Amino acid sequence: MVLVCLLVTACDKDDVLPVRPMEWSYEIFTPANVKFLKSTTEVSPTYFFETNGKGGDMIMTCENYDVLNPISGDSYVDDYGWA
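Here my numbering is used: the first residue of the sequence shown is -16, the next is one more, and so on.
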C-alpha cells in the first residue's frame, strides 16, 4: 500500500515529467463588448473575459503549439464569436 502511494505521489510531480505551460495570446476585435479580466499561470491556463451581451469577436492562439504537439507543427487557433 505504501509503495503505491509513493508512486502516485511521484507521478504527480512536475519534475518527473516536466510539462511546459501553454502560452496563449488573444486579440479582441470588439473591445467595446469584450474585456479581459485575468488569467492563471497553470500548465493549462484559464483566461477570464467579460462581455456585455451585445455580441463580440475574439481570437486566441496557442503560441507554443508546435513544441507541445511536434507531430503537426501548426499553431492552434480558436476563433470565438457570438451574437
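Even glycine gets a Cβ: it sits at the ideal position worked out from N, Cα and C. Note that this is a predicted model, so its numbers are computed, not measured.
What's the gap between the Cα of Thr23 and the Cα of Asn47?
Straight across, the Cα-Cα distance linking Thr23 with Asn47 is about 17 Å.
Who pairs with Glu46 in a beta bridge, going by DSSP?
None; Glu46 has no bridge partner.
Cβ distance (whole Å) where Val17 is taken to contact Met41 below 8 Å
About 6 Å; that satisfies the 8 Å criterion.
Going by DSSP, name the residue or residues bridged to Ser8.
Beta-bridge pairing links Ser8 to Thr44.
Candidates Gly36, Glu25, Phe31, Arg3: closest to Tyr9 by CA position:
Nearest option by C-alpha distance: Phe31.
Whole-angstrom distance between Gly36 and Glu6, CA atom to CA atom
Their Cα atoms are separated by approximately 28 Å.
Could you spell out the range, first to last residue, of the beta strand (DSSP E) harbouring Ser22?
Run containing Ser22: 17 to 22, per the beta strand (DSSP E) assignment.
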